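A short write-up of the structure that comes next.
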Amino acid sequence: MRMVFSALSGALFGAGLLVSGMVDTVKVQGWLDVFGDWDPTLAFVMGGAILPMAIAWRVAERRKIAVLGTPIPAKPPQKLDRDLILGSVLFGAGWGLVGLCPGPALAMTFVNGSSGLVFLVAMVAAMVVTPALRRALTSKGETPWTSAR
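Shown next as C-alpha cells:
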C-alpha cells in the first residue's frame, strides 16, 4: 500500500509541476528576472504550496503514526550553518541559470526528453561527486570552507 501512495503522490506532484509551468525554464527564469521582464505568476504556485504544507505540518505535529501506520519522524533541528547557506546559494544559482530544480527536471525528462535529461545527468553526477570531494578534502585536514580561502 505504501508503494501505491508513493506512486500516487509522485504522479500528483509531477502533474502539479506540469500544470503550474514549473517545467518551463523560460517561465522560471522570468520569475527570477525581477529587474527585467518579470513574470509574477509563479508566486501563486508558491502560495498554493505554502498554505497546504503549513496545515500538514500542524497536523503532523500532533500525530505519532502516519495514515499508513509508519511512525512520523521527529522534526529535524533548525540550524543555520555553512552547509545550508552554501547549498542554498548553489541551488539558487543553478535554478537561476538553468531554470530547473530537481523535481521539475525529473518531470521534464518524461515530458520533453533530452533537454531535461542533460540537466538530470549533470545533477546526479554532482550528487555522486560531492561526498567524495568532501571526504578527500576532510581527510587532508581541510574542510570545504578552509580550502576555499
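Whatever position you read off the sequence shown (first residue = 1), add 3 for the working numbering. Cβ coordinates follow ideal geometry from the N, Cα and C atoms, glycine included. Owing to the predicted nature of the structure, the values given are computational and were not obtained by experimental measurement.
Between the stretch 5–23 and the stretch 101–115 there are three or more C-beta pairs closer than 8 Å, enough to call the two in contact. Approximately 18 Å separates the beta-carbon atoms of Ile-58 and Lys-67; this is outside 8 Å, ruling out the contact. Trp-41 and Met-56 have their C-alpha atoms roughly 26 Å apart. Beta-bridge annotation (DSSP): Ile-53 is not paired with any residue. Relative to Gly-106, the option among Gly-97, Met-25, Met-4 and Ser-9 whose CA is nearest is Met-25.
Residue nearest to Gln-32 within the set Gly-95, Val-7, Gly-51 and Gly-72 is Gly-95 (criterion: CA-CA distance). Excluding its 5 nearest sequence neighbours in each direction, Ala-69 has C-beta neighbours in its own chain below 6 Å: Ile-75, listed in chain order.
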